[in-house]
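2 protein chains.
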Amino acid sequence: MTDFRFARRSQIIGKSVYDHAPGVILLSVGSAYPGTLPNLTAEADEAAGQFVAQSMQYGPLMGLDDLRDSVVSYLAEDGVVCSRDNVLITNGAKHATDLVARTFLEPGDRMIVSAPTYMTTLQSLRTHGANFLAIPQDDEGMRTDILERRLETLAANGEQQPKLLFDVPDFHNPTGITMSLKRREKLIELAERFDFVIIEDDPYRRIRFEGESIPSLKSLDRSGVVVMVGTVSKILAPGIRIGWAIGEHEIVRRMAMQKSDGGSCPFTQRIVTSVMQSGKLIEHIGVVRDRMRLHRDAMIEALAEHLPDAKVRRPEGGYFLWAELPEGVSGDALAAKAVEHGVEVGSGRLCFPEDDPGNFLRFSYSLVEPDTIREGARRLGSAYRDMAHAA
Amino acid sequence: MTDFRFARRSQIIGKSVYDHAPGVILLSVGSAYPGTLPNLTAEADEAAGQFVAQSMQYGPLMGLDDLRDSVVSYLAEDGVVCSRDNVLITNGAKHATDLVARTFLEPGDRMIVSAPTYMTTLQSLRTHGANFLAIPQDDEGMRTDILERRLETLAANGEQQPKLLFDVPDFHNPTGITMSLKRREKLIELAERFDFVIIEDDPYRRIRFEGESIPSLKSLDRSGVVVMVGTVSKILAPGIRIGWAIGEHEIVRRMAMQKSDGGSCPFTQRIVTSVMQSGKLIEHIGVVRDRMRLHRDAMIEALAEHLPDAKVRRPEGGYFLWAELPEGVSGDALAAKAVEHGVEVGSGRLCFPEDDPGNFLRFSYSLVEPDTIREGARRLGSAYRDMAHAA
């Protein structure tokens with residue numbers, strides 16, 4: 222075998238979220254709960270039959286017009302005013318984020334992210350050579366005061382300003398934090414003033430268990446600085462691989478040209494169109510939301526019982542939980558020990574663009590039943606005691 | 222609206238193959254003939270019903286094991302010996318090529334391509350900053366003697382050697398040429414000697430109308446220097462968006478990590494698995510092949526009648542035709558004039574990585590009926606006479 226001359230970016234190999242030890246309880250992945258996977262046989266039949274000429278042929282790079290119109294209506298219910306020209310259909314939200322990065326970033330360009338942030342997107346952004354400007358969070362979301370000072374310092378020193386910002390304002394992955402209205406307004410003001418584009422990652426917004434919804438960044442955007450990315454993965458089914466990006470036409474058009482796969486699948490686009498048009502999507506969102514609320518409650522209670530030393534933040538929606546371990550307790554070590562005890566949780570390390578504090582864990586409660594969540598937490602608790610005992 | 226700071230690569234905006242003047246006959250795009258689009262309602266029903274837990278959930282980055290095994294069997298019939306570990310499922314062949322490029326190329330790296338070559342891949346490779354080493358072709362395919370001399374000169378001068386080679390050995394897009402066995406063997410020898418990886422683009426191999434099949438590069442590869450990329454787009458349906466890459470495990474594993482979309486759709490993967498396992502794919506290939514032979518014959522005859530000044534190469538298979546116009550006749554000008562006359566053909570210009578000779582046209586005969594092909598050729602003939610008259 223030849224000694225292959227790989228590119229530097231191909232050395233960036235994270236652990237695949239699909240590799241798991243057999244027999245362990247997964248409290249680590251944001252997969253769909255199998256009990257709420259939708260039955261789409263009628264829509265699939267229609268797409269493969271009545272719509273065969275469209276669904277089996279090459280589709281337009283921007284996506285099917287019918288689906289783009291359905292996305293416009295879906296977002297209008299949530300206060301986002303846009304037209305078909307602002308909608309690009311993608312293979313999910315992560316794909317949309319990657320296309321924004323391909324459209325704006327040169328290797329070495331600065332990009333703002335929260336610390337911590339969504340680990341898989343972080344990994345994908347690294348392949349574009351992004352130079353991260355990491356901004357901490359508190360209960361109101363990204364610390365825009367700190368961001369402002371950092372940007373002012375860059376300006377004063379004549380240094381290159383960031384081109385992009387990535388954040389998850391609703392039920393942040395991994396922390397579960399929802400950004401306050403004031404911070405959202407400030408973020409847009411900063412984007413306008415310092416000339417960067419905001420990627421608003423919105424997979425979970427409709428999965429709100431309680432409390433009042435806060436306007437999305439895109440609905441507050443008057444100058445075109447926000448690209449909102451969404452997906453049906455968390456509200457319908459991850460296997461469909463359909464998402465979207467909403468932004469200025471000039472941006473989404475260029476993003477389309479960065480697609481490397483001939484455009485998203487028209488067959489699954491047709492299925493999603495039907496599900497949106499019939500109202501089945503809205504109905505399904507209610508089912509998923511009610512189910513995820515049960516899971517969150519079970520997880521919060523079980524962690525309080527079995528891992529009382531951890532500070533756990535209670536999210537008002539979404540799929541994820543974030544826990545701070547006592548100082549000096551290693552998230553990496555506990556995650557490794559947990560697998561020995563039959564449960565997989567995420568170490569917080571992968572979520573930090575730079576300096577990992579070392580003592581965080583990421584959980585997802587989406588995939589398994591409340592009873593299994595409780596059993597997983599019990600196993601985690603025994604791993605924790607095991608580790609404390611050894612130390 | 223902000224004056225957006227786009228990346229250089231986002232300036233590379235070709236004409237989308239999906240934008241067409243209304244009412245024109247398309248002799249320009251390799252879309253499927255609507256009359257042979259498959260009825261996949263049974264397979265879709267099975268995927269959405271019986272296999273719901275797999276098809277609606279996140280799938281493995283490498284692709285479904287069942288599909289990877291089916292691809293192994295499909296390729297074994299054609300002399301390619303590989304195992305599941307060598308198979309990566311992608312969103313079509315172009316996507317697979319892009320992933321190879323992401324895995325190997327740094328901006329500015331050299332890459333070998335034939336001149337002319339597949340225009341859409343050329344455009345995608347440009348976004349990676351590839352520095353093309355363009356090698357001419359003759360009736361036996363890429364001129365490996367010229368390539369060898371170029372590589373030897375680079376070596377003698379201590380210059381960087383190319384990392385990749387991209388070619389379409391069977392029914393080359395756009396020329397229709399099939400590479401001889403001698404050239405294939407020489408190409409592999411050069412890859413081994415000069416340490417580059419060959420991307421063998423194989424969308425059309427099974428669409429052979431006549432003559433003996435020549436072993437694929439991958440079936441001749443003993444040292445792992447070939448990555449073969451394939452797709453169901455030209456043998457089943459473009460709308461399914463499923464393809465594959467076959468290569469050393471270390472290569473395809475790194476390619477998987479370059480995916481930006483969470484992996485290919487498990488729902489359509491399940492459908493393709495069924496179509497492969499049942500033998501329906503092989504049956505369908507026969508139907509498409511017989512239909513495309515009729516189209517090629519109609520196109521060759523019609524061009525001989527209506528554009529007798531052009532030298533047209535008769536391909537033994539595939540979807541494309543290449544025509545040389547008399548010296549001094551502009552392919553760009555004729556393609557533009559043709560639209561006025563109600564037919565769209567491709568100017569050869571987009572297929573050349575560098576110096577375009579200027580007098581070539583690319584045709585595809587796949588999409589429209591033989592009668593429509595004849596009418597399109599008639600319109601092209603009148604555009605040609607119109608242009609000659611004006612000159």
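Protein sequences, first through last, are from chains A and B. Our numbering numbers the first residue of the first sequence as 222 and each following residue consecutively. Our numbering numbers the first residue of the second sequence as 222 and each following residue consecutively. All residues carry an ideal CB built from backbone N, CA and C; glycine is no exception.
Taking the beta carbon of M277(B) as reference, the chain A residues within 8 Å of it are A253, L258, P259, L261, A458, P459, G460, I461, listed in sequence order. In the structure shown, the three-state DSSP call for R331(B) is strand.
Each of D306(A), S499(A), L343(A), M520(A) was checked against the Cα of G569(A), and the nearest Cα belongs to L343(A). Among the CB atoms of chain B, none fall inside 9 Å of the CB of E504(A).
The DSSP-derived three-state label of P459(A) is helix.
Taking a C-beta cut-off of 9 Å against chain B, none of the residues of the stretch 537-563 of chain A qualify.
For the pair V273(B) and A604(B), the Cα-to-Cα distance works out to about 54 Å.
Taking the C-beta atoms as reference points, F584(B) is found no nearer than 9 Å to C572(B). For V533(B), same chain residues with a beta-carbon under 6 Å away, outside a window of 5 residues either side, are L524, A544 in chain order. Comparing alpha-carbon positions, the option among Y339(A), N312(A), A355(A), A322(A) lying closest to T348(B) turns out to be A322(A).
Distance between G549(A) and I367(A), taken at the CA atoms: about 26 Å.
With the rule of 3 Cβ pairs closer than 8 Å, the stretch 488-497 of chain B does not count as touching the stretch 551-563 of chain B.
A Cβ-Cβ separation of about 27 Å leaves I472(A) out of contact with I428(A) under the 8 Å criterion.
Secondary structure at F488(A): helix, using DSSP grouped into helix, strand and coil. By the rule that beta-carbons nearer than 9 Å mark a contact, G484(B) touches chain A.
Pairing V308(B) with R331(B) gives a Cβ-Cβ distance that is not under 9 Å. Annotation for S401(B): E361, G362, I435 place their beta carbon closer than 8 Å to its own, counting only its chain and skipping 5 residues before and after.
Around A554(A), the same chain offers M608 as residues with beta carbons nearer than 7 Å, after the five sequence neighbours per side are excluded. According to the DSSP assignment, L386(B) belongs to the beta strand (DSSP E) that extends over 385-388.
Across the stretch 376-392 of chain A, CB contacts with chain B closer than 7 Å involve K384, in sequence order along the chain. Residue state for Q381(A) is assigned as coil, using DSSP reduced to three classes. Within the same chain, and ignoring the five residues on either side of G432(B) in sequence, the residues whose Cβ sits closer than 7 Å to its Cβ are E537. DSSP places L582(B) inside the beta strand (DSSP E), whose first and last residues are 581-585. Separation of I419(A) and P395(A) (C-alpha to C-alpha, rounded to the nearest whole angstrom) is 19 Å. Against Q479(A), the close residues of chain B are S231, T348, in the order they occur along the chain (beta-carbon pairs closer than 7 Å).
At least one C-beta of chain A is nearer than 9 Å to the C-beta of H316(B). The beta strand (DSSP E) runs lying completely inside the stretch 287-317 of chain A and spanning 3 residues or more are 308-311, given in chain order.
By the criterion of a C-beta distance shorter than 7 Å, H527(B) is surrounded in its chain by A598, R599, L601, G602, once the five residues flanking it on both sides are discounted. Between E421(B) and chain A, the shortest Cβ-Cβ separation is not below 9 Å. R510(B) and Q278(A) have their C-alpha atoms roughly 17 Å apart.
Spatial neighbours of R230(A) in its own chain (CB-CB distance under 6 Å, excluding positions within 5 residues in sequence) are listed in chain order as T348.
CA-to-CA, the gap between V453(A) and I463(A) works out to about 6 Å.
Fully enclosed beta strand (DSSP E) runs of no fewer than 3 residues occupy 352-359, 385-388 of the stretch 334-417 of chain B, in order along the chain.
Closer than 9 Å to the CB of G300(B) there is not a single CB belonging to chain A. The DSSP-derived three-state label of L261(A) is coil. If one requires a minimum length of 4 residues, the alpha helix (DSSP H) runs lying completely within the stretch 502-579 of chain B are 552-561, in chain order.
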